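What follows is a set of notes on a single structure, which appears directly below.
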């Protein structure tokens, strides 16, 4: 199981405990930390996807925003 799947499973387990009213203070703190870690991982992955993306119009002309092109050049993902 990947780290992200383990993270989601643990978050779900804690959410069920919270809903049932059996969560402890320590588990609540752990839940907050895990949520923070999950969001950080999600944002990093999403940012990476956006930075790798190339956008084309209906005629096949690239219309990737200049800001994204600049980031791609800095990371060596473009050679134009």
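Numbering (our numbering), first residue to last: 43 to 122.
Don't be surprised by glycine CBs; every beta carbon is placed ideally from N, CA and C.
Values in this document were obtained by computation on a predicted structure and should not be read as measured data.
Where does the unbroken alpha helix (DSSP H) through residue i begin, and where does it stop?
i           : result
residue 85  : 67-94
residue 56  : 45-62
residue 104 : It is not in any alpha helix (DSSP H) - residue 104 carries neither H nor E in the DSSP assignment.
Below 8 Å on the Cβ atoms is my contact criterion, and I expect residue i with residue j to pass it. Report the Cβ-Cβ distance as a whole number of Å.
i           : j           : result
residue 72  : residue 59  : About 11 Å separates the two Cβ atoms, so there is no contact after all.
residue 93  : residue 114 : 6 Å
residue 104 : residue 97  : 7 Å
If you drop the 5 nearest sequence neighbours on each side, which residues of the same chain put their C-beta closer than 8 Å to that of residue i?
i          : result
residue 76 : 49, 52, 53, 56
Looking only at its own chain, which residues have a Cβ that is under 6 Å from the Cβ of residue i, when we skip the five neighbours before and after it?
i          : result
residue 65 : 59
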